[in-house]
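Residue numbers (the numbering used here): 73 to 353.
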């Protein structure tokens, strides 16, 4: 078993322990949405655009990548096709048009001809006293002197101050992992919001990241306690309105499914297979 935590799973538990249980232990799927699929497509196009030489990273080149990247995504996840109804040509055109608009908006925020990312879709992983921290960074830029800028694309709008801390937590998580891996604190964390053309920048320091480290250790202890006791309490908030599992939540009159065999193992290692769980019971 590998005790592991990603930014999304950490955010799930902080938002609602029961949501963490639903996603990690019960492995309940979230309902796919056209917006999420569009976000995946936009990320894919922005990643692949940097395969081209600098002078070739134009809006026209980005537009030309949309269709082939969509077909490539469908090869791996054919169910995505259901989100874009080909029988309604107007709706399909609007969906692809919205994706192109987001990509074009990115060109007003950053100039790809002046960027040479050191890494794209970079998998990062480090050990924090027996707890594996891991995740994927959209883009990592390096200055000639080796200073790091961590960049994350968001296809939605920038959040209000009420929810901005959640987005920055994800970036600080990545910064902590990179600090542990490379021995230097990233110079800049940059969130690029394509929904309303805004860039949010934050310069972390060691004190910031040590605070994140303490928070993650305390969070993991809370997850271990919930795994040991089987007590995954719901936490009501405004975010409940967007939860896919509200019908199963006791805070809203629902009943969660019985905990599966090996629930404690699954809670601490989200990637544990059924065979591993049964072997440890």
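In this text, a Cβ means the ideal position worked out from N, Cα and C, and glycines have one as well.
Just how far apart, CA to CA, sit residue i and residue j?
| i | j | result |
| --- | --- | --- |
| residue 138 | residue 236 | 30 Å |
| residue 246 | residue 209 | 7 Å |
| residue 77 | residue 288 | 9 Å |
| residue 161 | residue 152 | 16 Å |
| residue 131 | residue 240 | 29 Å |
| residue 83 | residue 183 | 31 Å |
| residue 279 | residue 253 | 17 Å |
| residue 30 | residue 320 | As shown, the chain starts at 73 and ends at 353. That puts residue 30 outside it, with no answer to give. |
| residue 81 | residue 89 | 10 Å |
| residue 206 | residue 150 | 27 Å |
| residue 338 | residue 229 | 34 Å |
| residue 231 | residue 128 | 33 Å |
| residue 213 | residue 311 | 33 Å |
| residue 350 | residue 75 | Residue confidence for residue 350 is low, a pLDDT of 32 falling below 50, so the modelled location carries little weight; the figure read from the coordinates is stated next. The alpha-carbon atoms of residue 350 and residue 75 are separated by roughly 17 Å. |
| residue 198 | residue 163 | 44 Å |
| residue 123 | residue 243 | 25 Å |
| residue 348 | residue 135 | At residue 348 the pLDDT is 36, less than 50, meaning the model places this residue with poor confidence; the figure from the coordinates comes in the next sentence. Residue 348 and residue 135: Cα-Cα distance of roughly 45 Å. |
With distances taken Cα to Cα, identify the nearest neighbour of residue i among the options.
| i | options | result |
| --- | --- | --- |
| residue 79 | 291, 309, 90 | 291 |
| residue 227 | 96, 283, 268, 126 | 268 |
| residue 295 | 262, 315, 340, 211 | 340 |
| residue 233 | 198, 272, 206, 211 | 272 |
| residue 192 | 221, 183, 179 | 221 |
| residue 264 | 88, 185, 154, 175 | 175 |
| residue 309 | 134, 274, 298, 323 | 323 |
| residue 166 | 136, 177, 110 | 110 |
| residue 313 | 91, 212, 75 | 91 |
| residue 103 | 250, 316, 118 | 316 |
| residue 211 | 325, 301, 195 | 195 |
| residue 335 | 156, 154, 299, 325 | 299 |
| residue 293 | 215, 225, 120, 202 | 202 |
| residue 85 | 318, 325, 307, 121 | 307 |
| residue 200 | 172, 249, 190 | 249 |
| residue 107 | 155, 284, 213 | 155 |
| residue 188 | 318, 305, 216, 145 | 216 |
| residue 204 | 146, 126, 285 | 285 |
| residue 266 | 140, 172, 168, 143 | 172 |
| residue 255 | 190, 142, 118, 218 | 218 |
| residue 281 | 118, 251, 270 | 251 |
| residue 270 | 177, 143, 305, 126 | 177 |
| residue 185 | 326, 126, 100, 121 | 126 |
Just to confirm the assignment, what range does the beta strand (DSSP E) spanning residue i have?
| i | result |
| --- | --- |
| residue 198 | 191-200 |
| residue 221 | 220-226 |
| residue 209 | 203-214 |
Would you give the residue range spanned by the alpha helix (DSSP H) that residue i belongs to?
| i | result |
| --- | --- |
| residue 334 | Counting along the chain, residue 334 falls outside any alpha helix (DSSP H), and DSSP gives it neither H nor E. |
| residue 169 | 161-181 |
| residue 144 | 131-148 |
| residue 91 | 89-92 |
| residue 109 | 106-121 |
- [ ] Any chance you could list the beta strand (DSSP E) runs of at least 3 consecutive residues sitting entirely within the region 237-300, in chain order?
- [x] With a minimum length of 3 residues, the continuous beta strand (DSSP E) runs that stay inside the region 237-300 are 260-265, 270-274.
- [ ] Say whether the region 92-101 touches the region 251-260, bearing in mind that this needs 3 or more beta-carbon pairs closer than 8 Å, one atom from each stretch.
- [x] Flag = no, the region 92-101 and the region 251-260 do not touch.
Open item on the list: Quick test of the definition: if touching needs 3 or more C-beta pairs under 8 Å, does the region 327-340 touch the region 109-122?
Closed with: A contact between stretches requires three or more CB pairs, one per stretch, nearer than 8 Å, and the region 327-340 fails this requirement with the region 109-122.
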